[in-house]
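**Student:** The letter at position 181 of the sequence shown is residue 162 when you use the working numbering, and the numbering goes up by one with no holes. Note that the Cβ used here is the ideal one computed from N, Cα and C, for glycine as well.
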Amino acid sequence: MLIGYARVSTYDQDTAMQRDALLAAGVKLPNLYQEHASGVRYDRPMLNMAIQRLQPDDTLVFWKLDRVARSLNDLLRVIERIDAMGATVRSLTEPIDTTTSMGVFTIQMLGAFAELERSLIRERCAAGREAAMSRGVKFGRPSAMTPEQQQKALDLRAEGMRPVHIAELLDQPYWRIQDLFRRQKQRRI
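Set out below in structure tokens:
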């Protein structure tokens, strides 16, 4: 069975053109789900209803990929959900049809591009963090201990005072003092 999905981004737009194309492709009107929602949102109720309606060997048909998802990662998540149900997808305007070998290959290539994109983003983020750290930018929430308290704790520890007593003296939780000493030790390594 063919299940159709049409989406427009705003309420002043109309799904008529998509609806007509889906009906011409063989989707029956009771199996057509139409939605007015931003493509950025992943939780679109009508798309979810259409996917839940799918049975093994059914096909979700849509006008264009961007009607189903705005990003490659979102598209792959939707396709994985549908594939796990034993159903397939077909775009009317792009060579995406998971009932064909080329369609499956296209999806696999999209997956490879998505993985490349994730790797490049990770690399850029790591490089950005490294550059920021070299400029002295601190990450994470601000310390609950002032620099003076931290130095006092380190000095007391160097004099041989036990962490539990340092915590009491500085009115800090024991774990915070231990964390300070652990971070200091890591800096020396």
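Looking at Thr(-4) and Gln15, is the spacing between their C-beta atoms short of 8 Å?
**Tutor:** For this step, residue 15 is matched to residue 34 along the sequence shown. For this step, residue -4 is matched to residue 15 along the sequence shown. Going by C-beta atoms, Gln15 is nearer than 8 Å to Thr(-4).
**Student:** To the nearest angstrom, how far is it from the Cα of Glu75 to the Cα of Phe43?
**Tutor:** Your numbering for residue 75 matches position 94 in the sequence shown. Your numbering for residue 43 matches position 62 in the sequence shown. Spanning the two alpha carbons is a distance of roughly 10 Å.
**Student:** With burial defined as no fewer than 16 other Cβ atoms inside 10 Å of the residue's Cβ, what is the status of Gly192: buried or exposed?
**Tutor:** This structure gives no information on residue 192, because the portion of the chain shown stretches from -18 to 170.
**Student:** Would Val118 be called buried (16 or more neighbouring beta carbons within 10 Å of its own) or exposed?
**Tutor:** On the sequence shown, position 137 is the one that residue 118 refers to. Exposed.
**Student:** Decide if Gln89 is buried, meaning its Cβ has at least 16 other Cβ atoms within 10 Å, or exposed.
**Tutor:** Within the sequence shown, the letter at position 108 stands for residue 89. When all chains shown are included, Gln89 counts as exposed.
**Student:** Do you know whose CA, among Phe94, Lys166 and Leu13, lies nearest Leu53's CA?
**Tutor:** For this step, residue 53 is matched to residue 72 along the sequence shown. Nearest of Phe94, Lys166 and Leu13 to Leu53, Cα basis: Phe94.
**Student:** Going by the DSSP bridge assignment, what does Thr87 pair with across the sheet?
**Tutor:** By one-based count along the sequence shown, residue 87 stands at place 106. Per DSSP, none; premise fails for Thr87.
**Student:** Of the residues Ile60, Leu57, Asp160 and Ala107, which one's Cα is nearest the Cα of Met126?
**Tutor:** Residue numbering aside, residue 126 sits at position 145 when the sequence shown is read from its first letter. Comparing Cα-Cα distances from Met126 to each of Ile60, Leu57, Asp160 and Ala107, the minimum goes to Asp160.
**Student:** Could you tell me the alpha carbon to alpha carbon distance between His17 and Met27, rounded to whole angstroms?
**Tutor:** Numbered from its first residue, the sequence shown carries residue 17 at position 36. Numbered from its first residue, the sequence shown carries residue 27 at position 46. Straight-line Cα distance between these residues: approximately 9 Å.
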